[in-house]
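> Below is a structure I'd like to ask you about.
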């Protein structure tokens with residue numbers, strides 16, 4: 167699997183497992199009523215957040231750190247910024263500033279200096295700012 171596909175797979179998995187944190191429900195929300203489906207009791211929510219913060223997210227971010235380190239450039243797919251880099255920027259920015267999902271700790275990225283540097287490169291990239299200004 168090439169780095170771009172592996173990166174996207176890891177990000178999709180992280181978004182999927184955050185469902186209970188976002189909605190406080192096992193199955194997310196009812197697509198018709200938007201009500202939570204199978205609400206988590208407080209004790210289960212605490213257990214979910216513990217595993218997200220201590221196992222699932224740090225491990226996935228470490229995998230992404232390794233994918234980036236094995237690339238042949240400053241981005242996941244070498245010398246060119248791709249959707250993988252942008253996806254990480256959006257996802258990780260929200261985690262680091264605490265806006266992505268309540269209870270997810272920024273410390274899940276403590277051992278990811280390469281990813282943090284990548285986020286800085288993406289955030290400072292001129293094309294990134296041109297696209298943001300256009301929208």
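In the numbering used here, the protein residues as written are 167 to 301.
Just so you know, even glycine gets a beta-carbon here, dropped at the ideal spot from N, CA and C.
1. Using a Cβ-Cβ cut-off of 6 Å (strictly less than) and excluding sequence neighbours within five positions of residue 255, which residues of its own chain qualify?
2. Please name the residue in 248, 279, 203 whose C-alpha comes closest to that of residue 189.
3. Suppose the cutoff is 6 Å on Cβ atoms and the five residues either side in sequence are ignored; what does the same chain contact list for residue 167 look like?
4. Have a look at the DSSP bridge pairing and note the partners of residue 195.
5. Buried or exposed for residue 214, going by 16 or more other Cβ atoms inside 10 Å?
6. Could you give the uninterrupted runs of the alpha helix (DSSP H) lying entirely in the segment 228-292, keeping only those of 4 residues or more?
7. Rounded to whole angstroms, what's the CA-CA distance from residue 201 to residue 184? Just pull it up for me.
8. Please report how far the alpha carbon of residue 196 lies from the alpha carbon of residue 205, in whole angstroms.
9. Between 281, 290, 181, 257, which lies nearest to residue 229 when the distance is taken from Cα to Cα?
10. For residue 275, which of 291, 239, 221, 252 has the nearest alpha-carbon?
11. Under 8 Å by Cβ, that's how I've got residue 170 and residue 248 pegged, so tell me the actual separation to the nearest angstrom.
12. Can you grab the Cα-Cα spacing for the pair residue 212 / residue 268, in whole Å?
13. Pull up the CB-CB distance for residue 218 and residue 270, whole angstroms please, since I reckon it's below 8 Å.
Quick answer:
1. 285, 288
2. 203
3. For residue 167, the predicted model reports a pLDDT of 48, less than 50, meaning its position is unreliable; a value from the coordinates is still stated below. There are no such residues.
4. 202
5. buried
6. 249-262, 279-290
7. 17 Å
8. 11 Å
9. 281
10. 221
11. 6 Å
12. 12 Å
13. 6 Å
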